[in-house]
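S.K.: I'd like to ask you about the structure that follows.
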Amino acid sequence: MLSIEPTGKILGAKIRGVDLSKPLSGPDLGQILLALSQNGIIGFPGQSLSPKEHIAFATQLGEIHESAEYHDPEDSGLSILSNIKENGENVGYVDAGMIWHKDMTYVPVPGFTTVLHALKVPRRDGKALGGTQFINARAAYDDLPDELKRKLEGKTCIHSVKKYNAVVRGAGSKRDTYDKLPRKNPPMSHPLFLTHPVSGQIALYCDPSHAERINELPAEESDEILAFLEEHQLQPKYQFVYEWDEGDVLMWDNLSTLHRSTIDYGPDEIRLIKRCQVMSDKVFDPAFVKSAMDQATAA
64 MLSIEPTGKI LGAKIRGVDL SKPLSGPDLG QILLALSQNG IIGFPGQSLS
114 PKEHIAFATQ LGEIHESAEY HDPEDSGLSI LSNIKENGEN VGYVDAGMIW
164 HKDMTYVPVP GFTTVLHALK VPRRDGKALG GTQFINARAA YDDLPDELKR
214 KLEGKTCIHS VKKYNAVVRG AGSKRDTYDK LPRKNPPMSH PLFLTHPVSG
264 QIALYCDPSH AERINELPAE ESDEILAFLE EHQLQPKYQF VYEWDEGDVL
314 MWDNLSTLHR STIDYGPDEI RLIKRCQVMS DKVFDPAFVK SAMDQATAA
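Numbered by the numbering used here, the letters in the sequence shown go through residues 64 to 362 in order.
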């Protein structure tokens with residue numbers, strides 16, 4: 064039987080009593096979606112998933128974004144995050160997620176949830192390394208001054224993969240892909256304050272790696288406000304760190320959180336995680352959400 068255990072912190076819960084390798088019942092899927100919208104991050108300990116089972120679970124929540132490179136040979140929707148080398152070549156993304164960001168904000172229907180499965184977790188002196196850091200963007204919105212909320216209500220923000228590329232390269236990434244993405248992904252506008260389609264709560268939707276310009280404001284004022292929003296939402300009080308264990312499946316809500324990886328492990332401390340990114344096509348469909356919530360509350 065599915066059980067939900069909130070962390071009691073700014074974000075996060077663990078769900079036990081469900082086998083993600085098997086198709087979910089309607090009530091289980093509804094409860095997982097509801098728990099994700101309420102807690103922002105969900106960890107499922109002790110899971111064993113094949114690539115096809117990983118994708119099958121995630122597909123129940125939306126369309127899968129195919130990986131550009133380093134994808135699993137069994138499914139191009141599953142990418143590999145790893146520092147393993149074979150014949151001198153990387154087998155996966157070594158520095159994925161090294162800066163604060165949301166996934167897939169630079170497309171018309173943005174990323175909803177990212178689903179990771181840990182196969183190897185680096186450790187040193189018995190302590191797990193490579194934790195994933197998160198920001199609660201709902202709490203950050205709630206704490207904004209009322210005057211600023213009124214000023215920015217209804218405003219939209221340009222999300223630019225070109226900016227992301229510049230920021231991540233400035234942080235030290237050497238990945239060639241970042242030179243190619245802007246040709247395929249023009250800038251995209253989304254609400255600065257995003258109302259979550261499941262919880263109805265409002266979150267800041269302007270991560271510092273993609274948010275380039277508030278459309279309705281002069282450039283100088285836009286820059287000042289985005290700088291303030293970046294500093295505001297990255298405060299330690301909004302942060303949470305997920306510590307990995309082998310077999311964990313971790314999913315997070317990109318609509319209401321930011322994340323980044325912690326690269327505190329060396330090349331001989333092996334990390335192997337498989338990832339798929341789920342788009343928001345289903346979660347922005349009111350009929351899908353209503354059906355899922357009806358199932359959740361009926362469980």
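Ideal Cβ positions, reconstructed from N, Cα and C, are used throughout, including at glycine.
For Ser142, which beta-bridge partners are listed by DSSP?
M.R.: Looking at the DSSP assignment, Ser142 forms a beta bridge with His134, Arg338.
S.K.: For Arg186, which residues does DSSP report across the bridge?
M.R.: In DSSP, Arg186 forms a bridge with Ala191.
S.K.: For the beta strand (DSSP E) that contains His117, what are its first and last residues?
M.R.: Element bounds for His117: not the beta strand (DSSP E) but the alpha helix (DSSP H), 114-122.
S.K.: Of the residues Leu335, Val230, Asp327, which one's Cα is nearest the Cα of Lys190?
M.R.: When each option's Cα is compared against that of Lys190, the closest is Asp327.
S.K.: Considering Tyr204, what are the terminal residues of the alpha helix (DSSP H) in which it resides?
M.R.: Segment 200-205, the alpha helix (DSSP H) holding Tyr204.
S.K.: Restricting to runs no shorter than 3 residues, where is the beta strand (DSSP E) found entirely within the region 205-275?
M.R.: For the region 205-275, whole beta strand (DSSP E) runs of length 3 or above, ordered along the chain, are 219-222, 251-254, 256-258, 265-267.
S.K.: May I have the straight-line CA-CA distance separating Pro372 from Leu179, to the nearest angstrom?
M.R.: Because residue 372 is not part of the residues shown, which for the chain are 64 to 362, the question remains open.
S.K.: Do Met314 and Leu99 have their beta-carbon atoms positioned less than 8 Å apart in this structure?
M.R.: Result yes, Cβ atoms of Leu99 and Met314 sit closer than 8 Å.
S.K.: Answer with buried or exposed for Ala257, where buried requires no fewer than 16 other C-beta atoms within 10 angstroms of its C-beta.
M.R.: Contrary to the premise, residue 257 reads as Leu rather than Ala in this sequence. The residue in question, Leu257, is buried, as its Cβ has 16 or more Cβ neighbours within 10 Å.
S.K.: For Ala372 and Phe347, I'd like the C-alpha separation in whole angstroms.
M.R.: For residue 372 there is no data in the structure shown, the boundaries of the chain being 64 and 362.
S.K.: So, under 8 Å CB-CB, Arg334 and Gly193 are touching, yes? Tell me the CB distance rounded to an integer number of Å.
M.R.: Contact flag correct, Cβ pair sits at about 5 Å.
S.K.: Give the single residue among Tyr156, Ser66, Ala234 whose Cα lies nearest to the Cα of Ile336.
M.R.: Selected option, being the one with the closest Cα: Tyr156.
S.K.: Please classify Phe303 as buried or exposed, where buried requires at least 16 neighbouring CB atoms within 10 angstroms.
M.R.: With 16 or more other Cβ atoms within 10 Å, it is buried.
S.K.: Which class does Ile95 belong to by DSSP, given the choice of helix, strand or coil?
M.R.: Three-state DSSP puts Ile95 in a helix.
S.K.: Can you check DSSP and say which residues form a bridge with His295?
M.R.: Bridge partners of His295: none, in fact.
S.K.: Use the C-beta contact count for Ser285: other C-beta atoms within 10 angstroms, 16 or more gives buried, fewer gives exposed.
M.R.: Answer is buried; the Cβ neighbour count reaches 16.
S.K.: My output table needs one value for Pro69: the three-state DSSP class, helix, strand or coil.
M.R.: In this structure, Pro69 counts as strand in the three-state DSSP scheme.
S.K.: Just to confirm, is the Cβ distance from Asp344 to Glu129 under 8 Å?
M.R.: The answer is no: Cβ separation not under 8 Å.
S.K.: Which whole-angstrom value describes the C-beta separation of His222 and Glu275, a residue pair presumed to lie in contact below a C-beta threshold of 8 Å?
M.R.: Rounded, the Cβ-Cβ distance is 7 Å, consistent with contact.
S.K.: First and last residue of the alpha helix (DSSP H) that includes Asp357?
M.R.: It spans 349-361 - the alpha helix (DSSP H) in which Asp357 sits, taken as one unbroken run.
S.K.: Bridge partners for Phe107 per DSSP, in chain order?
M.R.: Bridge partners of Phe107: Val312.
S.K.: If we ignore side chains and look at the alpha-carbon of each, how far apart do Leu112 and Gly106 end up?
M.R.: Looking at the two C-alpha atoms, the distance is approximately 14 Å.
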